[in-house]
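Scroll down for the structure; my scribbles are underneath it.
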Ligand code: SF4
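Residue numbers (my numbering): 471 to 937.
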C-alpha cells in the first residue's frame, strides 16, 4: 500500500529533502550537479538493492564508548528525549566531572558526552544507572524512541505519544529478543501534528486522537487501537527482526531489507492478539509538519534551542526548575512546567545565550563535530558555521558523511579537501560562506510539495548517519 507523504515543511521541498517511508534523500543542487548529491556511509546501495551487513552496527552507547579524537564519546538514549530534574543534574555533573563539560544534543533527541577519559566507563555507568538512565544494560542502545516533544502541552496534539513512548520503552527493555535490534533502528511516535513523522522511523506511530493510531512500517499502514499502540510498535519490530533473519543480509533497518522480504507486520500483530485493519491508500497520508519553534509553548512550557546543538553543563542546569525536560530532534529542549517571558529572557541572556526566538540568527544552524573532535573532518565546521538570515535549516559537515544532518528540507554545507566548502553542491570559498549560506537559506524552494513511496515493498535506499 503506497503511503503519500505531504510535506508541510518550511520550504515545502527542495534542497536536501528526506521523505519518510522511502527514506530517499534528495539534495537541492543546481541542475546538472546531481552527481554531487550527498553520498552516504557506507556506500549507498542502489534503490531496491539489498544492503549486505556483515557485522553488527558500531553505534556508540552509554556502555559502549566510541574512541574519538577528543576522547571517548558516550551516547545516551533518552526515549522521547525525557529527563527528570534529577537526571538533568546527573548528566550535567557527568559532563563536568568525566567529560569536557558539555552535552551534545543529537538529531534523535539523545544526549552525548564527549572528551571522556578512557577508563571512566564504569564510573559513568554507575552514575547513569543510579539516576535511572540505564534501565537495561542489554538494551541501552536500542531505546531509540522519538516522540512529538510538545505533545499535550500546546493544544496541537494530545499527550498520548509521550505515554506510549514510556510504555514502549518498558516493553522493549523487557523483551530479551529486542536487544538484537540495531542501535540505529528507530521508533517514531507522532501526536498527529506531523513534526516527527518525517524523521525516517523504521516503525512510525501516528496518533489519531487517544483512541486510535496509524502504524507505518515500510510501505504498510495499519490502524490499531490507541491502547495497543506501544505493543503494536514492538510487534512490528519483532516482525522486522524475523524478516531480517530470513533475508540473511544483516539488515539494521527496515529499508535495508531486500525485495520480497517485507516484514509480516499483520501476522505479528495477529499473533500478539492486537486487532489491526489496513488503511485504504487514500487515507494513509503521512502528514509532515513543522519542527517546533523556540519560544513559549502553551501556558505551562517553553522551548529553547541549543546553539549548534551543544549545551554547557551550566546551560543544561539553567533549564531547571522544571517538571521534566524533553530534548528534541532539532537539538533543543522543551521545559515542562516553566513559562513566562522572564524565564525565556533569562535563558536568552548571558551567560546562557540559548536560542529562544524563531528569528534568532542561530536558529536552524547545525553542525557536525568536525575538527578537532573527529578525525575524518576536513575543517573546523563549528568555527566556520555562522549565524545569518533565518530561513531553511542549514547543516555544516566536516565530510561527506554529514553526521546529524536535519531531516526535511535543508541547506547542505560540506567541507572539502582543498579548504573550501560545497554549499548545496556549489564550490564556495570559506570567506564567501556567510553570504552563500544566507542566500541559499532564503532562496525560494522548488514547487514540488509531495512525494509518494515507490511501492509497498520496503526500499533499501539509505540515508546518512543519524544519531
Ligand atoms: S560528518 Fe562530521 S562528525 Fe561525521 S564523520 Fe564527517 S567530519 Fe566526522
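Every residue gets a Cβ at the ideal spot worked out from N, C-alpha and C, and that includes glycine.
Subject >> Stretch pair the stretch 841-861 + the stretch 800-816: three plus CB contacts closer than 8 Å >> reply: Cβ pair count under 8 Å is below three, so no.
Subject >> Runs of alpha helix (DSSP H) wholly within the stretch 682-706 (minimum 4 residues, chain order) >> reply: none
Original post:
residue 655 by DSSP, collapsed to three states: which one?
Top reply: Note: residue 655 maps to coil in three-state DSSP.
Original post:
Alpha carbon to alpha carbon, how far is residue 780 from residue 746?
Top reply: 41 Å
Original post:
If you count every other CB in all the chains shown that lies within 10 Å of the CB of residue 715, and 16 or more means buried, which is it?
Top reply: exposed
Subject >> Counted within 10 angstroms of its Cβ, other Cβ atoms place residue 896 as buried (16 or more) or exposed >> reply: With fewer than 16 neighbouring CB atoms inside 10 Å of its own CB, residue 896 falls in the exposed class.
Original post:
Which term fits residue 551, buried or exposed, when burial requires 16 or more other beta carbons within 10 angstroms of its beta carbon?
Top reply: buried
**OP:** May I have a chain-ordered list of the alpha helix (DSSP H) segments no shorter than 4 residues that lie completely inside the stretch 774-833?
**Re:** 783-787, 811-818
Original post:
Is residue 678 closer than 8 Å to residue 706 when the C-beta atoms are compared?
Top reply: Taking 8 Å as the Cβ cut-off, residue 706 and residue 678 do not qualify as a contacting pair.
Subject >> Pairwise C-alpha distance: residue 884 and residue 854 >> reply: 11 Å
Original post:
Skipping 5 residues on each side, what residues in its chain have a beta carbon closer than 7 Å to that of residue 835?
Top reply: 778, 855, 857, 864
**OP:** Leaving out five residues on either side along the sequence, give the residues of the same chain with a beta carbon under 7 Å from the beta carbon of residue 700.
**Re:** Cβ neighbours of residue 700 beyond the five flanking positions: 634, 637, 638, 641.
**OP:** Taking the CB atoms as reference points, tell me whether residue 910 and residue 894 lie closer together than 8 Å.
**Re:** yes
Original post:
When we look at the beta-carbon of residue 698 and count the other beta-carbons within 10 Å, is it buried (16 or more) or exposed?
Top reply: buried
Subject >> Cβ contact (3+ pairs, closer than 8 Å) linking the stretch 602-616 and the stretch 822-839 >> reply: no
Original post:
Straight-line CA distance for residue 755 to residue 690?
Top reply: 12 Å
Original post:
Looking at the unbroken beta strand (DSSP E) that takes in residue 854, where does it start and where does it end?
Top reply: No beta strand (DSSP E) holds residue 854; the alpha helix (DSSP H) holding it covers 851-854.
**OP:** Below 6 Å CB to CB, which residues in the same chain sit around residue 783 once its five sequence neighbours on both sides are set aside?
**Re:** 562, 565, 566, 571
Original post:
According to the neighbour-count rule (16 or more other Cβ atoms, all chains shown, within 10 Å of its Cβ), is residue 733 buried or exposed?
Top reply: buried
Original post:
Who sits around the ligand SF4, taking every residue whose Cβ is closer than 5 Å to one of its heavy atoms?
Top reply: 838, 839, 844, 846, 847, 867, 868, 869, 871, 873
Subject >> Neighbourhood of residue 534 by C-beta distance below 8 Å, restricted to the same chain and skipping five residues each side >> reply: 611
Original post:
Mind checking if residue 608 is an interface residue toward chain B, Cβ cutoff 8 Å exclusive?
Top reply: You won't find chain B in this structure, because it holds only one protein chain.
**OP:** Note the first and the last residue of the continuous beta strand (DSSP E) segment covering residue 617.
**Re:** Taken as a continuous stretch (DSSP letters only), the beta strand (DSSP E) holding residue 617 covers 615-617.
**OP:** Give, in chain order, every unbroken run of the beta strand (DSSP E) that is at least 3 residues long and sits entirely within the stretch 734-771.
**Re:** 746-748, 756-758, 765-767
Original post:
Does the stretch 595-608 come close enough to the stretch 819-832 that 3 or more CB-CB pairs lie under 8 Å?
Top reply: no
Original post:
If we ignore side chains and look at the alpha-carbon of each, how far apart do residue 667 and residue 809 end up?
Top reply: Between the alpha carbons of residue 667 and residue 809 lies a gap of roughly 27 Å.
Original post:
Which one of 657, 789, 788 has the shortest CA to CA distance from residue 724?
Top reply: Put simply, of 657, 789, 788 the residue whose alpha carbon is nearest the alpha carbon of residue 724 is 657.
Original post:
residue 829: buried (16+ other C-beta within 10 angstroms of its C-beta) or exposed?
Top reply: exposed
Original post:
How should residue 991 be labelled, buried or exposed, when 16 other C-beta atoms within 10 angstroms of its C-beta is the threshold for buried?
Top reply: Past the edges of the chain, shown from 471 to 937, lies residue 991, and the structure says nothing about it.
**OP:** Rank 606, 532, 605, 718 by C-alpha distance to the C-alpha of residue 586 and give the top, closest one.
**Re:** Comparing alpha-carbon positions, the option among 606, 532, 605, 718 lying closest to residue 586 turns out to be 532.
**OP:** For residue 659, I'd like the list of residues in its chain whose CB is within less than 6 Å of its CB, leaving aside the five on either flank, ordered along the chain.
**Re:** 617, 631, 634, 635, 675
**OP:** Provide the residue span of the alpha helix (DSSP H) that contains residue 556, from first to last.
**Re:** 555-568
Subject >> For residue 721, three-class secondary structure by DSSP >> reply: coil
Original post:
Any idea what DSSP makes of residue 879, helix, strand or coil?
Top reply: coil
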